[in-house]
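Peer 1: If you scroll down you'll find the structure; I have some questions about it.
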Amino acid sequence: MRSFVARRLTLGLVQIVAVVLLVFALTEALPGDAAVALAGDQPDPARIAAIREAMDLDRPAYERLADWAAGLLQGDFGTSLTSGRPVAQYIADGFGPSLLLATLTLALLVPLGFGLGVLAARHEGRLIDRLVSSVTLAVYAVPEFALGVLLVTVFALKLAWLPPTAVGYGTDLIGHPAVLVLPVLVLLSRPVCSLSRLVRAGMVDALASPYAAHARRYGVPGARVRYAHALPNALAPAAQQLARTIDWLLCGVIVVEALFVIPGLGTVLLNAVAERDVPVVQGLAVVFGVLTVVLNLGADVVAYRLTPRAGVAA
Amino acid sequence: MYDERFPGLRRRGFLAATTGAAALALAGCGGGTDDKAGTGSGGTPKRGGRLRAAFAGGGASETLDPHLANLFADVARAKALYDKLADYGADLSAQPRLAEQWQSNKTLDRWQVTLREATFHDGKPVTAQDVLHSYRRIADPKQAFRAKASLEPIDLDASRATNARTVEFVLKRPTAEFPNILAAFGAYIVPEHAGDFDKKPIGSGPFRFVSFTPGRSAVFRRNEDYWDGAPHLDEIEFVVANEESARVNALLAGQVEYAHELNPTTARAHEGRGQIEIVRLRNSAMQAFCMKTDRPPFDDKRVREAFFLIADRKELVAGALSGAGEVGNDLFGKGYEYYAGGLPQREQDLDRARALLKQAGAEKLKVTLDTSAVAAGFTEAASIFRDQAAKAGVTIDVKTGSKDSYWSDILDGGTLCCYRSGAMPIEAHISQRLLTDSTTNATQWRHKDFDALYQQAQSTRDKTERAAVYERMQRRLYTEGGFLIWGFADWILGTSRKVRGVETKAPANTLDWARFDKVWLA
Numbered sequence: 076m077r078s079f080v081a082r083r084l085t086l087g088l089v090q091i092v093a094v095v096l097l098v099f100a101l102t103e104a105l106p107g108d109a110a111v112a113l114a115g116d117q118p119d120p121a122r123i124a125a126i127r128e129a130m131d132l133d134r135p136a137y138e139r140l141a142d143w144a145a146g147l148l149q150g151d152f153g154t155s156l157t158s159g160r161p162v163a164q165y166i167a168d169g170f171g172p173s174l175l176l177a178t179l180t181l182a183l184l185v186p187l188g189f190g191l192g193v194l195a196a197r198h199e200g201r202l203i204d205r206l207v208s209s210v211t212l213a214v215y216a217v218p219e220f221a222l223g224v225l226l227v228t229v230f231a232l233k234l235a236w237l238p239p240t241a242v243g244y245g246t247d248l249i250g251h252p253a254v255l256v257l258p259v260l261v262l263l264s265r266p267v268c269s270l271s272r273l274v275r276a277g278m279v280d281a282l283a284s285p286y287a288a289h290a291r292r293y294g295v296p297g298a299r300v301r302y303a304h305a306l307p308n309a310l311a312p313a314a315q316q317l318a319r320t321i322d323w324l325l326c327g328v329i330v331v332e333a334l335f336v337i338p339g340l341g342t343v344l345l346n347a348v349a350e351r352d353v354p355v356v357q358g359l360a361v362v363f364g365v366l367t368v369v370l371n372l373g374a375d376v377v378a379y380r381l382t383p384r385a386g387v388a389a
Numbered sequence: 106m107y108d109e110r111f112p113g114l115r116r117r118g119f120l121a122a123t124t125g126a127a128a129l130a131l132a133g134c135g136g137g138t139d140d141k142a143g144t145g146s147g148g149t150p151k152r153g154g155r156l157r158a159a160f161a162g163g164g165a166s167e168t169l170d171p172h173l174a175n176l177f178a179d180v181a182r183a184k185a186l187y188d189k190l191a192d193y194g195a196d197l198s199a200q201p202r203l204a205e206q207w208q209s210n211k212t213l214d215r216w217q218v219t220l221r222e223a224t225f226h227d228g229k230p231v232t233a234q235d236v237l238h239s240y241r242r243i244a245d246p247k248q249a250f251r252a253k254a255s256l257e258p259i260d261l262d263a264s265r266a267t268n269a270r271t272v273e274f275v276l277k278r279p280t281a282e283f284p285n286i287l288a289a290f291g292a293y294i295v296p297e298h299a300g301d302f303d304k305k306p307i308g309s310g311p312f313r314f315v316s317f318t319p320g321r322s323a324v325f326r327r328n329e330d331y332w333d334g335a336p337h338l339d340e341i342e343f344v345v346a347n348e349e350s351a352r353v354n355a356l357l358a359g360q361v362e363y364a365h366e367l368n369p370t371t372a373r374a375h376e377g378r379g380q381i382e383i384v385r386l387r388n389s390a391m392q393a394f395c396m397k398t399d400r401p402p403f404d405d406k407r408v409r410e411a412f413f414l415i416a417d418r419k420e421l422v423a424g425a426l427s428g429a430g431e432v433g434n435d436l437f438g439k440g441y442e443y444y445a446g447g448l449p450q451r452e453q454d455l456d457r458a459r460a461l462l463k464q465a466g467a468e469k470l471k472v473t474l475d476t477s478a479v480a481a482g483f484t485e486a487a488s489i490f491r492d493q494a495a496k497a498g499v500t501i502d503v504k505t506g507s508k509d510s511y512w513s514d515i516l517d518g519g520t521l522c523c524y525r526s527g528a529m530p531i532e533a534h535i536s537q538r539l540l541t542d543s544t545t546n547a548t549q550w551r552h553k554d555f556d557a558l559y560q561q562a563q564s565t566r567d568k569t570e571r572a573a574v575y576e577r578m579q580r581r582l583y584t585e586g587g588f589l590i591w592g593f594a595d596w597i598l599g600t601s602r603k604v605r606g607v608e609t610k611a612p613a614n615t616l617d618w619a620r621f622d623k624v625w626l627a
């Protein structure tokens, strides 16, 4: 187990480095640089050259990358090309709202997703199962943006029960819980569907397996068979799906952030790419890379614990 | 903590440069109470309340440094905190602001500017030294402030303060339109003792700083001692919402009272429904196709004229602008001071266009039209024009480019592109885009005799004579220029029903646009 984690961590480190290099190369490959993006509709060549010089963009790309990497090793994410403010501050500011939304979504997602999955599996083939399955499939098919617009129109504009955006609340989202209801609903919609369907499928398989039948023959109570024997087998794939969902939530869900005016990491990333603010983009790439690696590792460890015999390829 | 090493513009710079100009009456610089939008159009201003205004913003990179102002949101915040020496009226003529008056010598290359009695928010008076400091900061060769190019005619080393409230500007050459420079985009006056602009900005404007979170919100409160009369509002809050639907939703639900930059379709959906007020600022954004006049096929003026005649301007306005605008006549600045309004309106004439192309030996012409989603209506305009050109036998290949580098890409590259511009004086349009040494000459229009006419205008004291020179220049552009200016887009705002005093004849970036000191809540 320990060597498995060590192997995975080493691999994760390599993956993060690869992601950062790839992001750097891709950002460099985009047409125009930060100076051009800054100049906007006043692309006076002399001015672009002056901006470029002030930003040190006239230095070769590998030198800029090396400088940035050297700083990173000392925990310095560098400064934004556009504003001169520290990149760490960009990440810290954007992380709060993203984390809040992710936590809330997750707190509802886990009981809802597992509950619905187990419920459907228990009533396999009957009305409840069919109801849950068809509703989750239908909701899953609706893109977040469409669902968001629909919810805003109905609950915020027509019924006026909830505010349509978080505009003006800044970072104090927790102090205004009403503004979080619609974004969390939109964020929940698809993960609940995929999670409950995974749990249901795993449960149905496990309940039909020989070892469940064997347990029943020994007179083990139904509830114990379901929750102690069948459910863990259904949890392994669900844990991995859950890790992907957390990753998706933390790395900023741009559609939801834009629609509800929540300044999370997705917004920071979108702006940084448009501004060709390479240090900010790289800083985010590191954060997203670390998150992805750690979450997936966590999920694999959990899956390994739940179903040791399946083994996990490192 | 803001690092001043990197001044510059942010990516949505085109938004800010884009100003609009209203055709009609020149509103006085005092921003009177006439021509106001809103239900009950006027009434007695009521004091108090907080107005929340939603703008598209620049994200976490935003700053309150007024010299870095680039987006509409930046300018709206800058004008709440700071003043310029002059600002643009509805016809884009310069109106005195911090400058009480200006006077030139006979040769128009030395100008005395007298400041009015005004104080900064910390109580210190606005002095001639502050003015020189501000302009020198903008013109710093190590920096790249946007207004630097506008201040270029001023010899700042030779200019001096003759007393506490008088500056003598020495110019490098005669400049009859010198007051336009004082009103230039971003030429705000900051105190010589200015500190950190994002933590404690001190200006002379109608509002004082309270708080600022980049990319989220800025709160300012009334400056009781404002020289132009204290604002009616207690407080103004600028909030950032980049998505247009979010701005509209926030307005409809009463989360904000003012939403800037709405789509024509949104405007149509809500106009006259009584829920919110829609304000259209006419003649705000010039819409054009740029033909590069220095290379084939547009180095032949018959081909350029043919293209002028291919455009069905009504269809372009209806399609690309969803009808929110009016047709153009291939001249910049419809309704602005010095606009040559007497020239006949160009209409589509495909037969004549075909004949001209034949004369030029350009039958079966194939051209690439560069466009991008960088501005509203660009890609739509490109495909509409492609279909119109096909009727005259011209094949247009529409090429969609990156929006982040579009303006730089089309400056020298390609032959034909979509273009737009905000309001600026006609003189500024000429000097920035149509002279041999212009820095953003997207039509590559370089003619010594045209440059000479510009210099002649700038050396002419008499306004009527000057207008005649501008007319000659515009006539030439109308006949054979590189700008196919097909329309002028409205700039659309939404306000809640209780907002009063929003000026309607104020193109974006003129004095009365986003001017919250004259607005009140009923």
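These protein sequence lines are chains A and B, in that order.
Residue 389 is where the first sequence ends in the numbering used here, and the numbering goes up by one at each step.
Residue 627 is where the second sequence ends in the numbering used here, and the numbering goes up by one at each step.
We put the CB at the ideal spot given by N, CA and C, even for glycine.
1) Can you tell me whether DSSP reads C326 of chain A as helix, strand or coil?
2) As a quick exercise: from B:Q537, B:K397 and B:A252, pick the residue whose alpha carbon is nearest that of A174 of chain B.
3) Does the separation of the CB atoms of N210 of chain B and E532 of chain B fall below 8 angstroms?
4) Taking the C-alpha atoms as reference points, what is the distance between I489 of chain B and F283 of chain B?
5) Taking C-beta to C-beta, are L183 of chain A and V207 of chain A nearer than 8 angstroms?
6) Is V361 of chain A helix, strand or coil by DSSP?
7) Would you mind working out which of A:L262, A:W143, A:A281 and A:H198 sits nearest I329 of chain A, comparing C-alpha positions?
8) For V98 of chain A, I'd like the list of residues in its chain whose CB is within less than 7 angstroms of its CB, leaving aside the five on either flank, ordered along the chain.
9) Taking contact to mean 3 or more Cβ pairs, one atom from each stretch, closer than 8 angstroms, check whether the region 567-578 of chain B and the region 364-382 of chain B are in contact.
10) Suppose you measure from the CA of T211 of chain A to the CA of E199 of chain A; what does that come to, to the nearest Å?
11) Let me know the alpha helix (DSSP H) ranges lying completely inside the region 106-132 of chain A, each 4 residues or longer, listed in chain order.
12) Can you tell me where the alpha helix (DSSP H) holding A480 of chain B begins and where it ends?
13) If you check the beta carbons only, do R241 of chain B and P258 of chain B fall under 8 angstroms apart?
14) At a CB-CB cut-off below 8 angstroms, which residues of chain B make contact with A231 of chain A?
15) Is the Cβ of T168 of chain B closer than 8 angstroms to any Cβ of chain A?
16) Judging by CA-CA distance, which residue of B:R457, B:Q248, B:G599 and B:S239 is the nearest neighbour of L261 of chain B?
17) Count Cβ pairs between the region 94-114 of chain A and the region 330-338 of chain A that sit closer than 8 angstroms; are there 3 or more?
18) Mind the definition here: the region 163-181 of chain B touches the region 502-514 of chain B only if three or more C-beta pairs lie below 8 angstroms; say whether that holds.
19) Does chain B have any CB closer than 8 angstroms to the CB of D280 of chain A?
20) What does the alpha-carbon distance come out to for the pair A298 of chain A and P218 of chain A?
21) To test your reading of the DSSP string, which unbroken beta strand (DSSP E) runs of 3 or more residues are found completely within the region 145-230 of chain A?
22) Give the straight-line distance between the Cα atoms of A216 of chain A and G162 of chain B, rounded to the nearest whole angstrom.
23) Do we get a CB-CB distance below 8 angstroms when we pair D133 of chain A with the residues of chain B?
24) If we define contact as Cβ-Cβ less than 8 angstroms, is G164 of chain B a contact residue for chain A?
25) Between T545 of chain B and chain A, is there a C-beta pair that is closer than 8 angstroms?
26) Do I415 of chain B and L156 of chain B have their C-beta atoms within less than 8 angstroms of each other?
27) Have a look at L222 of chain A and G359 of chain B and give me their C-alpha separation to the nearest angstrom.
28) Just the C-alpha distance for I597 of chain B and L140 of chain A, rounded to the nearest angstrom, thanks.
29) Pick from A:S173, A:R292, A:H289 and A:L282: whose alpha carbon is nearest that of R301 of chain A?
30) Hey, would you say T615 of chain B sits closer than 8 angstroms to G194 of chain B, going by beta carbons?
31) Going by DSSP in three states, F621 of chain B sits in which element: helix, strand or coil?
32) Within 10 angstroms of its Cβ, does L114 of chain B collect 16 or more other Cβ (buried), or is it exposed?
33) So with CB distances below 9 angstroms, who are the chain B contacts of P186 of chain A?
34) Once you ignore the five residues that flank T240 of chain A on each side, which residues in its own chain have a CB closer than 6 angstroms to its CB?
35) How about V193 of chain A: is its C-beta nearer than 8 angstroms to some C-beta of chain B?
36) Please work out which residues of its chain come closer than 7 angstroms, Cβ to Cβ, to L194 of chain A, disregarding the five sequence neighbours upstream and downstream, and give them in chain order.
Peer 2: Reading it off the structure:
1) By one-based count along the first sequence, residue 326 of chain A stands at place 251. Note: C326 of chain A maps to coil in three-state DSSP.
2) As a working note, residue 174 of chain B is residue 69 in the second sequence. Answer by Cα proximity: B:A252.
3) By one-based count along the second sequence, residue 210 of chain B stands at place 105. By one-based count along the second sequence, residue 532 of chain B stands at place 427. Cβ distance not < 8 angstroms, so N210 of chain B and E532 of chain B don't count as in contact.
4) For the purposes of this step, residue 489 of chain B is identified with residue 384 of the second sequence, where counting begins at 1. For the purposes of this step, residue 283 of chain B is identified with residue 178 of the second sequence, where counting begins at 1. Whole-angstrom Cα-Cα distance: 40 angstroms.
5) Mapped onto the first sequence, residue 183 of chain A falls at position 108. Mapped onto the first sequence, residue 207 of chain A falls at position 132. No, Cβ-Cβ distance for L183 of chain A and V207 of chain A is not below 8 angstroms.
6) Your numbering for residue 361 of chain A matches position 286 in the first sequence. In this structure, V361 of chain A counts as helix in the three-state DSSP scheme.
7) In the first sequence, counting from the first residue as 1, residue 329 of chain A sits at position 254. The shortest C-alpha separation from I329 of chain A is found at A:L262.
8) As a working note, residue 98 of chain A is residue 23 in the first sequence. Hits under 7 angstroms: V356, Q357 and A360.
9) no
10) Stepping through the first sequence from its first residue, residue 211 of chain A is reached at position 136. Stepping through the first sequence from its first residue, residue 199 of chain A is reached at position 124. Distance between the alpha carbons of T211 of chain A and E199 of chain A: 15 angstroms.
11) 109-114 and 120-129
12) Residue numbering aside, residue 480 of chain B sits at position 375 when the second sequence is read from its first letter. From DSSP, A480 of chain B is part of no alpha helix (DSSP H); its letter is neither H nor E.
13) Counting from one through the second sequence, the residue named residue 241 of chain B turns up at place 136. Counting from one through the second sequence, the residue named residue 258 of chain B turns up at place 153. Result no, Cβ atoms of R241 of chain B and P258 of chain B do not sit closer than 8 angstroms.
14) Position 156 of the first sequence, counted from the first residue, corresponds to residue 231 of chain A. Under the 8 angstroms cutoff, chain B gives N354 and A358.
15) The residue given as residue 168 of chain B occupies position 63 in the second sequence. At least one chain A Cβ lies under 8 angstroms of T168 of chain B.
16) Position 156 of the second sequence, counted from the first residue, corresponds to residue 261 of chain B. Comparing Cα-Cα distances from L261 of chain B to each of B:R457, B:Q248, B:G599 and B:S239, the minimum goes to B:S239.
17) no
18) no
19) As a first step, residue 280 of chain A must be located in the first sequence, where it is residue number 205. False, the Cβ-Cβ gap to chain B never drops below 8 angstroms.
20) Position 223 of the first sequence, counting from 1, holds the residue named residue 298 of chain A. Position 143 of the first sequence, counting from 1, holds the residue named residue 218 of chain A. Each residue's Cα considered, the two are about 37 angstroms apart.
21) none
22) Residue numbering aside, residue 216 of chain A sits at position 141 when the first sequence is read from its first letter. Residue numbering aside, residue 162 of chain B sits at position 57 when the second sequence is read from its first letter. Roughly 32 angstroms separates the two Cα atoms.
23) Position 58 of the first sequence, counted from the first residue, corresponds to residue 133 of chain A. No, no contact with chain B.
24) Sequence index remark: in the second sequence, residue 164 of chain B carries index 59 (1-based). By this cut-off, G164 of chain B is an interface position.
25) In the second sequence, counting from the first residue as 1, residue 545 of chain B sits at position 440. With 8 angstroms as the cut-off, T545 of chain B counts as an interface residue toward chain A.
26) Along the second sequence, one-based indexing puts residue 415 of chain B at 310. Along the second sequence, one-based indexing puts residue 156 of chain B at 51. No, the Cβ-Cβ distance between I415 of chain B and L156 of chain B is not below 8 angstroms.
27) Translated into the one-based positions of the first sequence, residue 222 of chain A becomes position 147. Translated into the one-based positions of the second sequence, residue 359 of chain B becomes position 254. Each residue's alpha carbon lies about 22 angstroms from the other.
28) Translated into the one-based positions of the second sequence, residue 597 of chain B becomes position 492. Translated into the one-based positions of the first sequence, residue 140 of chain A becomes position 65. Approximately 44 angstroms, taken between the alpha carbons.
29) Working through the first sequence from its first residue, we reach residue 301 of chain A at position 226. If we check each option's Cα against that of R301 of chain A, A:L282 comes out closest.
30) The residue labelled residue 615 of chain B in the question sits at position 510 within the second sequence. The residue labelled residue 194 of chain B in the question sits at position 89 within the second sequence. Closer than 8 angstroms, so yes.
31) Position 516 of the second sequence, counted from the start, is the residue given in the question as residue 621 of chain B. Helix.
32) Numbered from its first residue, the second sequence carries residue 114 of chain B at position 9. Legend: pLDDT at L114 of chain B = 37, less than 50; position of this residue unreliable, value from coordinates given subsequently. With 16 or more other Cβ atoms within 10 Å, it is buried.
33) As a first step, residue 186 of chain A is located in the first sequence; it is residue number 111 there, counting from the start. Residues of chain B passing the Cβ test: none, with the nearest at roughly 30 angstroms.
34) Taking the first residue of the first sequence as position 1, residue 240 of chain A is located at position 165. Result list for T240 of chain A: F335 and V336, in chain order.
35) Position 118 of the first sequence holds residue 193 of chain A. Output row for V193 of chain A: interface = no.
36) Indexing the first sequence from 1 puts residue 194 of chain A at position 119. Around L194 of chain A: I203 and V207.
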